[in-house]
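Q: Residue numbers for the sequence shown follow my numbering, beginning at 559 and rising by one.
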Amino acid sequence: MTTLGYSLLAGSVGLPFGLGGVVLTLLTMPDAEAPFVDPVTSVGGLLGIAIAFVALSGLFTGIMAAFSVAFYREIRVPTSG
559 MTTLGYSLLA GSVGLPFGLG GVVLTLLTMP DAEAPFVDPV TSVGGLLGIA
609 IAFVALSGLF TGIMAAFSVA FYREIRVPTS G
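1) Using only alpha-carbon positions, find the residue among V635, I621, I607 that is nearest to V581.
2) Please classify V635: does DSSP put it in a helix, a strand, or coil?
3) Who are the Cβ neighbours of A613 in its own chain at under 8 Å, not counting the five residues just before and after it?
4) Within the same chain, show all residues whose beta-carbon is closer than 7 Å to that of A568, passing over the 5 residues directly before and after it, in chain order.
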C-alpha cells in the first residue's frame, strides 16, 4: 500500500510538469497549426521560458529525489551484515 501511495504522489506531482512541458512546446513551435497556439517569437521570451522550465524541473527533481530516498529507506528490508 505504501508503494501505491508513493506512485500516486510521484505521478500527481510529475503530471503538471509533464503537461507544462507539452504546453510550452506547443506555445513555442514556429509552425504550429493548432488554432489555440500563439507562438512566442522573441528570443528573450524563449529564453525566459527555458530558464523557468529548467529551474522548476530542477526543483521538482531535487524534491522527488529526496523523497524517493526517504521512501526506499523506509521500505528497505534490513540485511544482516
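Note that CB positions come from ideal geometry on N, CA and C, so glycine has one too.
Here the structure is a predicted model, which means the values were calculated and not measured.
A: Taking the structure as given:
1) I607
2) coil
3) none
4) M622
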